[in-house]
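Taking it in order: structure first as structure tokens, then the write-up.
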Amino acid sequence: RKEVEQDPGPFNVPEGATVAFNCTYSNSASQSFFWYRQDCRKEPKLLMSVYSSGNEDGRFTAQLNRASQYISLLIRDSKLSDSATYLCVVNLNTGGFKTIFGAGTRLFVKA
Amino acid sequence: SQTIHQWPATLVQPVGSPLSLECTVEGTSNPNLYWYRQAAGRGLQLLFYSVGIGQISSEVPQNLSASRPQDRQFILSSKKLLLSDSGFYLCAWRPFEGEFGAEAFFGQGTRLTVV
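Set out below in structure tokens:
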């Protein structure tokens, strides 16, 4: 079983739609969680951290359920510029922090 | 502020040739350092990570090795490249483990094509 699993998509949505991505992780030693965004042929960049109480940044909302080992990202009012791959990321405390990426979910937002 | 440098940006190498990719971080001390590989259309695969000079953890047995000769320098190497080594190689750093909530920051990557 992969340490971090995501639905690869692609998700094809119209502008203005709400879209949700899910991610599960297998290791209970996971300590911190993030969503990254990766544009084509570019390096990943942090979108937002994910906190236990859930957190929001503009149109983006992240949720964490430690009991179910589940992370989500909700994007409201999708923009064309949201088209990218969204990567779920987990830091494992193994005596040195391993940072594990999911394979990513591809999003296409169309006019 | 902290910056990460990774070079070269692109590389075309013949099968059987050696490889050396270098990554350096500025503006921080004792960072955790990482090498990832991303095959075309795929996710990031963690290859190596390091918590200090000379300390390397390997995640996937393969044709590659890593070294950390200095605190802020991380090198990815191969003695003989295979076609399957082609991909997008990314170096990343994050603060020392005491700040477990901190995110990782990436270099701009090296696009390696083995021909």
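Protein chains in written order, with our numbering: chain A, 573 to 683; chain B, 42 to 156.
Just so it is clear, CB atoms sit at the ideal spot from N, CA and C, and this is done for glycine as well.
Nearest CB-CB separation between residue 618 of chain A and chain B: below the 8 Å threshold. Residue pairing by DSSP places residue 643 of chain A opposite A:595, A:636 in a beta bridge. Among the CB atoms of chain A, none fall inside 8 Å of the CB of residue 74 of chain B.
The criterion of a C-beta distance shorter than 8 Å is not satisfied by residue 640 of chain A and residue 681 of chain A. In this structure, the CA atom of residue 69 of chain B is about 16 Å from the CA atom of residue 47 of chain B. Residue B:55 holds the alpha-carbon nearest to the alpha-carbon of residue 126 of chain B among B:133, B:43, B:55, B:49.
Listed in chain order, the non-local C-beta contacts of residue 576 of chain A below 6 Å within the same chain comprise 597, 660, 662, 672, 674, local neighbours out to five positions each way being set aside. One alpha carbon belongs to residue 111 of chain B, the other to residue 94 of chain B, and they sit about 6 Å apart. Distance between residue 592 of chain A and residue 120 of chain B, taken at the CA atoms: about 44 Å. Taking a contact as a CB-CB distance under 8 Å, the pair residue 59 of chain B and residue 135 of chain B does not count as one, their CB atoms being some 29 Å apart.
Shown here for residue 144 of chain B: same chain residues with a beta carbon closer than 8 Å to its own, the five before and five after excluded, namely 135 in chain order.
For residue 606 of chain A, the C-beta contacts it makes with chain B under 9 Å involve 144, 145, in order along the chain.
DSSP, read as helix, strand or coil, puts residue 652 of chain A in helix. Rounded to whole angstroms, the Cβ separation of residue 62 of chain B and residue 77 of chain B is 12 Å, and the two are not in contact under 8 Å. Per DSSP, the continuous beta strand (DSSP E) segment holding residue 629 of chain A begins and ends at 627-629. Residue 107 of chain B is classed as buried because its beta carbon has at least 16 other beta carbons within 10 Å across all chains shown.
Contact of residue 131 of chain B with chain A by beta-carbon distance below 7 Å involves 615. Close to residue 680 of chain A, with beta-carbon spacing below 8 Å, lies no residue of chain B; the smallest spacing is near 14 Å.
Contact between the region 629-649 of chain A and the region 96-104 of chain B is absent: fewer than three C-beta pairs spanning the two stretches fall below 8 Å.
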